[in-house]
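4 is the number of the first residue of the sequence shown in our numbering; add one for each residue after it.
This report refers to the structure that appears directly beneath it.
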Amino acid sequence: MTIAIYPGSFDPIHNGHIEIVRRASLLFDEVYWAAYDRPLKNVLFTEQERLDFMRQAARDLPKVQVRSYHGLTVLFARQVGATAIVRGLRATHDFEIEYQMALTNHQQAPEIDTVCLMTGAQYAFLSSSILKEVALANGNISEMVPPYVATKLQTRIAQLGEDRGEKVKLVSLQE
Ligand code: ADP
4 MTIAIYPGSF DPIHNGHIEI VRRASLLFDE VYWAAYDRPL KNVLFTEQER LDFMRQAARD
64 LPKVQVRSYH GLTVLFARQV GATAIVRGLR ATHDFEIEYQ MALTNHQQAP EIDTVCLMTG
124 AQYAFLSSSI LKEVALANGN ISEMVPPYVA TKLQTRIAQL GEDRGEKVKL VSLQE
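Dropping the structure here:
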């Protein structure tokens with residue numbers, strides 16, 4: 004039985020993530036789709052909210068189980084008996100980071116390998132950060148996320164007060 008984990012912050016999930024977890028579930032017998040409970044990034048959604056989105060997205064994926072974890076990713080992978088860490092690759096800058104993480108994780112846990120899946124071409128531009136930026140600027144996010152994420156994201160952004168600049172960095176689309 005082959006078990007994999009698919010870890011990330013998923014703040015929030017978007018269609019690029021959902022495509023990767025769906026494809027991973029075709030390759031492995033069991034996939035633990037796992038959110039870091041306290042990412043270093045300044046998150047917009049709580050751990051429970053991020054997990055709820057993931058559970059909804061995985062409803063029609065019987066081989067996928069949603070979890071949260073803290074600490075080293077390889078330790079979580081060991082706990083659940085996984086031999087693979089699935090990551091999604093967009094452009095070349097993802098490769099640099101993933102390469103370093105994969106080698107470090109392999110040094111820490113030689114029995115666990117990293118499996119990188121190329122992004123679905125239609126999602127190659129998409130990240131949680133760019134999604135939040137578009138939502139903050141009242142752009143159209145309907146093709147980036149499922150409707151239940153879109154609604155919550157728009158509500159959360161509307162509720163942001165003075166610290167909106169802390170929570171959602173405007174780096175690419177304005178100025
Ligand atoms: P993001 O990079 O969207 O802010 P995460 O850090 O939570 O989200 O990413 C978790 C995993 O999903 C990483 O392996 C990341 O490379 C992958 N991923 C993110 N966006 C995409 C995408 N558009 N297509 C494929 N994989 C992606």
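Positions of the beta carbon are idealized from the N, C-alpha and C atoms, including for glycine.
Keep in mind that this is a model prediction, so the values were computed, not measured.
Run of the beta strand (DSSP E) containing residue i, from where it starts to where it stops
{"i": "G11", "result": "6–11"}
{"i": "V39", "result": "Here the sequence assigns Tyr to residue 39, which means Val is not the residue at that position. 33–39 is the span of the beta strand (DSSP E), which, as asked, contains Y39."}
Other residues of its chain near residue i: CB distance less than 6 Å, five sequence neighbours each side excluded
{"i": "V171", "result": "K135, L139"}
{"i": "A87", "result": "A7, D116, V118"}
{"i": "L64", "result": "S28"}
Three-state class that DSSP yields for residue i in the structure shown
{"i": "I144", "result": "coil"}
{"i": "V152", "result": "helix"}
{"i": "S71", "result": "strand"}
{"i": "A27", "result": "helix"}
{"i": "L54", "result": "helix"}
{"i": "N18", "result": "helix"}
{"i": "G168", "result": "helix"}
Residue burial classification, residue i (beta-carbon count within 10 angstroms, cutoff 16)
{"i": "P113", "result": "exposed"}
{"i": "R62", "result": "exposed"}
{"i": "L54", "result": "buried"}
{"i": "S145", "result": "exposed"}
{"i": "Y9", "result": "buried"}
{"i": "A124", "result": "exposed"}
{"i": "F56", "result": "buried"}
Those residues which DSSP pairs with residue i across a bridge
{"i": "T117", "result": "I88"}
N- and C-terminal bounds of the alpha helix (DSSP H) containing residue i
{"i": "R81", "result": "76–82"}
{"i": "N185", "result": "Examination of residue 185 is not possible in this model, given that the chain is present from 4 through 178 alone."}
{"i": "V46", "result": "That residue, V46, is in no alpha helix (DSSP H); it is neither H nor E in DSSP."}
Close Cβ partners of residue i (< 8 Å) along its chain, the five nearest in sequence each way excluded
{"i": "D32", "result": "M4, T5, I6, K66"}
{"i": "E52", "result": "P15, K155"}
Cut-off 7 Å between Cβ atoms - residues of its own chain near residue i, not counting five sequence neighbours on either side
{"i": "R93", "result": "T122, A127"}
{"i": "S71", "result": "A37, A38, D40, E50, L54"}
{"i": "Q157", "result": "A138"}
{"i": "E169", "result": "N45"}
Residue i at chain C interface by Cβ criterion, 8 Å
{"i": "C119", "result": "Going by chain labels, chain C is absent from the structure shown, which holds only one protein chain."}
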